[in-house]
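One structure is given below, encoded as structure tokens.
2 protein chains.
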Amino acid sequence: MKIALAQLNYHIGNFESNAEKIISTARKAKENGADLVVFSELSVCGYCPCDLLEMADFVAECNATVEKIIAECADIPMIIGAPLTNEGNHGKRLYNAALFISDGNVKSQCKTLLPNANVLNEHRYFEASDKFDLVNLNGVKIAMVVGNDVLDYPMGMLAKLEPDFIVNISAVPYSHDNFHHQKLSEVAKKYKLPLLNVNQVGANTNLIYEGRSIAFNENGKVIAECKSFEEDLQYVETKSFKSEGEELCKNDTTESIFNAITLGLRDYFAKMNFKTAVLGLSGGIDSAVVLALAVNALGRENVHSILMPTCYSSSHSVDDSLEMLNRTKSSYNIIPIEDLRKQFGIAMSEAFEGTKPGLAEENIQARLRGSILMAYSNKFGNILLNTSNKSEEAVGYSTLYGDMCGSLSLLGDVYKTEVYRLARYINEHCGNIIPENIITKAPSAELRPDQKDQDSLPPYDILDGILNCYLENNMTADEIKAKGFDAETVDFVLKLVKRVEYKRFQAPPILRVSSCAFGHSQDVPLVARY
Amino acid sequence: MKIALAQLNYHIGNFESNAEKIISTARKAKENGADLVVFSELSVCGYCPCDLLEMADFVAECNATVEKIIAECADIPMIIGAPLTNEGNHGKRLYNAALFISDGNVKSQCKTLLPNANVLNEHRYFEASDKFDLVNLNGVKIAMVVGNDVLDYPMGMLAKLEPDFIVNISAVPYSHDNFHHQKLSEVAKKYKLPLLNVNQVGANTNLIYEGRSIAFNENGKVIAECKSFEEDLQYVETKSFKSEGEELCKNDTTESIFNAITLGLRDYFAKMNFKTAVLGLSGGIDSAVVLALAVNALGRENVHSILMPTCYSSSHSVDDSLEMLNRTKSSYNIIPIEDLRKQFGIAMSEAFEGTKPGLAEENIQARLRGSILMAYSNKFGNILLNTSNKSEEAVGYSTLYGDMCGSLSLLGDVYKTEVYRLARYINEHCGNIIPENIITKAPSAELRPDQKDQDSLPPYDILDGILNCYLENNMTADEIKAKGFDAETVDFVLKLVKRVEYKRFQAPPILRVSSCAFGHSQDVPLVARY
């Protein structure tokens with residue numbers, strides 16, 4: 058038996074396109090001799106439609122698409138993912154199902170363990186299933202299992218029914234610190250069963266799906282693997298289940314973050330029907346990396362930069378930016394904000410009478426820049442890319458409605474120390490486009506004379522170390538201090554993180570590359586005092 | 058037996074304050090002869106702490122607070138709400154529990170039906186309980202029931218155990234279209250059991266809790282009722298269970314929205330430790346109502362207005378605003394933005410060369426105003442109040458980083474037609490502070506000559522009618538058209554609502570007064586095409 062792993066990039070709610078992809082891929086696989094074609098979780102509508110599942114007409118379109126696929130692919134056995142109506146009297150009206158379609162007949166296996174922590178809340182839409190059964194294709198018994206059911210007791214229930222192998226359809230959001238493939242390998246070994254996983258690829262707003270669908274033999278060794286971060290179609294012969302297979306390889310973190318952000322940005326533009334981007338280029342490392350990522354993902358002709366110096370900008374800021382633009386060969390404007398800044402001072406002079414210049418005046422510069430970028434965006438339709446990084450987002454070293462403007466944040470889940478690694482990676486792999494001076498100079502917001510980030514914040518390696526303990530590893534202040542970080546610094550950092558929750562509430566969507574990205578899934582009450 | 062209904066306003070995570078409130082109220086009730094004092098759901102930490110429940114030290118503080126209350130109130134039988142550790146090996150590590158504390162002993166009843174739709178997702182933090190038992194106080198059998206368990210089968214399970222009455226501790230977010238008290242009355246009637254409900258009062262960021270704790274006799278008639286929107290302590294004698302009771306009365310919608318927003322604003326400031334507010338006063342109805350609400354909730358000395366006219370502002374805009382400020386006797390600045398607007402035009406002239414003035418230029422005015430308001434806020438610490446209404450939020454008739462700026466949106470869940478009713482209510486009940494001309498003139502954003510809202514949008518009664526069908530009543534386009542709305546208008550409105558999801562993603566927290574407020578609980582994927 059030959060099984061096709063169909064790793065596709067679905068567009069949520071774009072039923073026509075999803076159906077077309079599924080049908081044409083099934084036909085292609087059939088032509089190549091496949092006996093079964095497997096698609097990923099909720100493939101008919103794209104994962105995860107969230108609140109759209111509460112709309113009756115959305116669910117009707119899901120069902121119509123399933124019917125269309127059944128009709129068009131009567132001669133091709135396949136497994137697809139779709140919402141399935143709960144015919145019972147109790148609970149949510151839908152299940153999250155794997156559908157086995159063969160000769161026009163449909164058998165289903167529904168998901169039991171619905172994720173509700175972190176970024177996704179399937180409990181809101183789906184009823185959990187407690188029925189477990191195998192499907193049969195030409196005498197071969199297959200355990201279909203949806204999502205993370207494969208990692209827990211539902212897999213045990215299915216294994217008891219003695220299948221010949223496991224087909225796991227999934228949509229696992231990418232994070233560089235989630236070793237999902239390792240877990241799948243262990244499941245295969247534990248149950249002594251070959252395991253075929255088909256994962257979604259592509260990005261939906263902030264969530265990125267790596268793809269990298271994979272097949273393990275019963276020893277947990279790799280016998281087939283789809284590409285990461287792109288569509289792919291691979292085949293597994295059941296006779297290869299007995300082959301020795303290969304060790305699972307570990308991806309390079311910086312490379313995979315680069316690829317994830319590239320896909321995230323590209324898909325955001327493709328799925329929103331956007332073409333051109335704009336960003337503010339400051340001469341610092343963050344905006345330089347964003348420019349490089351954008352030029353790589355969208356094409357240099359689609360990325361416009363705006364330089365907005367004031368009297369506090371160092372001369373090298375503009376020079377370094379121009380040098381980079383010379384290397385990327387992408388378009389730009391220089392719009393000095395010095396006169397606007399002065400005019401703003403005149404406008405505020407009566408209201409501000411008798412006060413000393415301070416944070417308010419610094420923020421005005423950032424907000425004028427935000428307004429200029431948005432004006433350009435409104436005028437020409439270029440989408441504003443946000444250039445904040447995760448370290449800044451965490452401690453609020455940013456201006457709301459200023460440098461926090463943007464439609465999408467590329468680096469909001471990337472710590473500053475990782476931004477530097479991304480810069481080095483880009484210079485090695487995408488042409489040497491970021492000038493060395495941008496990478497080596499001391500970071501500064503340049504909102505007052507001789508300002509440096511390290512005037513207000515601990516050095517970034519310390520800051521990022523503390524943040525990583527607190528955010529990704531959910532450690533308490535005492536636990537972080539016990540790791541050797543200075544107690545006063547830990548308290549200072551955690552206090553900042555808690556205090557600026559209100560800023561993050563209004564931040565743009567952030568491409569998620571870690572297990573703990575900021576964003577709307579982080580449900581911390583703003584008024585809490587803790 | 059005399060039972061105290063202790064309706065208090067808790068502050069999430071402020072354990073010292075919450076414990077002090079609970080202990081002093083228990084002592085006061087004891088002095089007044091109470092045999093049992095009942096507090097609301099999760100009273101020790103305040104409802105709902107959400108992600109804070111995932112922090113080990115937060116949970117430790119919850120437990121320490123319970124211990125403190127037990128130690129301090131050994132002689133006062135009480136029911137409190139608290140997270141309870143799940144001692145089992147499976148599932149989430151906490152339950153959402155009612156604790157019956159008597160003579161230093163604790164008995165618990167945990168919540169079964171954990172909300173996960175709409176604004177709250179308790180499944181993320183709590184394990185659902187499947188154990189049902191009564192507690193016994195001096196031979197009287199009491200069914201403790203947490204939250205909406207009272208409305209469904211867990212109540213049935215408890216009723217089978219033949220309690221003498223029901224104590225329901227809850228924290229039900231206010232919405233004018235949720236008739237929760239009616240449902241409680243029906244539960245009492247259905248089981249032929251007296252029902253005592255203690256609800257949380259107060260607001261946490263966007264969620265407002267009405268309080269209005271209530272006791273019903275077994276016929277579903279009211280035998281005691283706490284005040285709405287403030288702390289209260291009422292007593293119920295078990296002998297009054299046999300009294301005839303009174304019909305449940307229905308509150309006036311506009312009055313209750315007014316009171317909800319007032320509490321929401323007041324609590325946001327109190328719990329965030331803010332004192333003074335600032336807003337942009339345009340001469341239109343929305344900002345006038347926000348000024349009136351703020352002056353009423355925070356005191357006229359704590360509310361500062363800024364008027365920011367351009368050449369497109371009508372003369373009556375400034376005059377009407379000044380007339381209103383004369384009536385409220387609150388402070389203001391006039392900061393014309395005409396010179397800034399021109400300077401901005403000069404700054405953009407090269408980049409915008411050859412283009413015609415349009416939306417970009419209109420938005421620049423809104424963003425300059427946003428920047429001025431934020432500058433004032435940064436300088437003096439006044440918190441910026443957002444003045445957008447729900448009709449605008451829905452269709453995106455607003456400028457991101459412009460009039461969408463603010464720390465809190467007071468009217469973001471109030472349709473324009475209801476804003477007018479609020480204005481009339483305010484003039485009747487808070488002194489005649491809104492000039493008649495502000496209420497009667499045609500609404501306009503005044504961003505270009507002779508602009509009127511109705512140039513771009515359907516009349517507000519039509520618009521709000523369609524939005525109400527779609528948002529609060531989850532109707533499809535076809536269903537809305539079948540109600541008699543013009544088909545083209547329905548399609549136009551729904552298209553706008555879907556298209557501007559990205560703007561709402563970055564909106565400030567919105568005080569929720571309906572069952573379908575915009576905000577982070579609305580989990581629609583931005584890139585969806587549907």
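Going down the list, the sequences are from chains Y and F.
All residue numbers for the first sequence refer to the numbering used here, where the first residue is 58 and numbers rise by one.
All residue numbers for the second sequence refer to the numbering used here, where the first residue is 58 and numbers rise by one.
Ideal placement from N, C-alpha and C gives every residue a C-beta, glycine not left out.
For Glu407 (chain Y), the chain F residues whose Cβ falls inside 8 Å of its Cβ are Asn390, Ile392, in order along the chain.
Inclusion of Met381 (chain F) and Leu442 (chain F) in the CB contact set at 9 Å is not warranted, their separation being larger than that value.
Contact of Asn439 (chain Y) with chain F by beta-carbon distance below 8 Å is absent, the smallest such distance being about 11 Å. Taking a beta-carbon distance threshold of 9 Å, Cys462 (chain Y) counts as an interface residue toward chain F. Legend: CB atoms of the region 170-184 of chain Y lying less than 7 Å from CB atoms of chain F belong to residues Asn173, Ala174, Asn178, His180, Arg181. For the region 425-457 of chain Y, the set of positions with a beta-carbon nearer than 9 Å to some beta-carbon of chain F reads Leu425, Gly427, Ser428, Ile429, Met431, Ala432, Tyr433, Ser434, Asn435, Lys436, Phe437, Thr456, Leu457 in chain order. Taking a Cβ-Cβ threshold of 8 Å, none of the residues of chain F is close to Leu338 (chain Y); the smallest such distance is about 14 Å.
A straight-line Cα-Cα distance of about 27 Å links Tyr67 (chain F) and Asn173 (chain Y). With contact defined as three or more Cβ pairs closer than 8 Å, the region 143-153 of chain Y and the region 206-215 of chain Y are not in contact.
Between the C-alpha atoms of Thr412 (chain Y) and Asn390 (chain F) there is a straight-line separation of about 16 Å. In this structure, Ala451 (chain Y) lies away from Val176 (chain Y), with their beta-carbon atoms at least 9 Å apart. Using beta-carbon distances, Thr412 (chain Y) counts as an interface residue toward chain F, with a partner under 9 Å. Runs of alpha helix (DSSP H) with 4 or more residues, each lying fully within the region 334-363 of chain F, are found at 342-355, listed in chain order. Chain order gives the chain F residues near Thr533 (chain Y) as Met112, Ala113, Asp114, where near means a beta carbon separation below 8 Å.
Counting C-beta pairs closer than 8 Å gives fewer than three between the region 368-381 of chain F and the region 390-399 of chain Y, which falls short of the contact rule. Burial is judged here by how many other beta carbons sit within 10 angstroms of a residue's own beta carbon; Ser370 (chain Y) has at least 16 and is buried. Going by DSSP, Ser100 (chain Y) is part of no beta strand (DSSP E) at all; its letter is neither H nor E. Residue pairing from DSSP places Lys198 (chain Y) in a beta bridge opposite Y:Asn193.
In summary, no residue of the region 209-235 of chain F has a CB separated from any CB of chain Y by less than 8 Å. Within the same chain, Cβ atoms closer than 8 Å to the Cβ of Asn446 (chain F) are found at Asp343, Leu468, Gly469, Val471, Tyr472, Lys473, Val476, the five residues on either side in sequence being excluded. Secondary structure remark: continuous beta strand (DSSP E) runs of at least 3 residues inside the region 192-275 of chain F, in chain order: 192-194, 197-203, 222-227, 252-256, 258-261, 264-267, 271-273.
The beta carbons of Ala245 (chain Y) and Met201 (chain Y) sit no closer together than 9 Å. The beta carbon of Ser232 (chain Y) lies closer than 6 Å to those of Ser571, Ser572 in the same chain, with the five residues before and after it left out.
Among the residues facing chain F, Asn420 (chain Y) is included, as its CB has a counterpart in that chain under 9 Å away. The beta carbon of Glu118 (chain F) sits closer than 6 Å to those of Phe72, all from its chain and outside the five residues before and after it, given in chain order. Against chain F, the CB of Leu553 (chain Y) has no partner CB under 9 Å away; the residue lies outside that interface.
Looking at the DSSP output, Gln291 (chain F) bridges to F:Leu62. In the DSSP annotation of this structure, the continuous segment of the beta strand (DSSP E) that includes Cys167 (chain F) starts and ends at 162-167. With a beta-carbon spacing of about 12 Å, Tyr454 (chain F) and Leu524 (chain F) fall beyond the 8 Å limit used to define contacts.
Nearest to Lys436 (chain Y) by C-alpha distance, out of F:Asn420, F:Arg426, F:Glu184, is F:Asn420. Distance from the CA of Asn235 (chain F) to the CA of Leu350 (chain Y), rounded to the nearest whole angstrom, comes to 48 Å.
A residue is called buried when at least 16 other Cβ atoms come within 10 angstroms of its Cβ; Ser81 (chain Y) does not meet this threshold and is exposed. Put simply, the CB of Gly415 (chain Y) is near chain F, with a gap under 9 Å to one of its CB atoms. Straight-line spacing of the CA atoms in Glu219 (chain F) and Gly196 (chain F) works out to 13 Å. Assignment of beta strand (DSSP E) within the region 97-149 of chain Y, counting only whole runs of 3 or more residues, yields 135-142 in chain order. The alpha carbon of Asn276 (chain Y) has as its nearest neighbour, out of Y:Ile265, Y:Leu250, Y:Glu449, Y:Val347, the alpha carbon of Y:Leu250.
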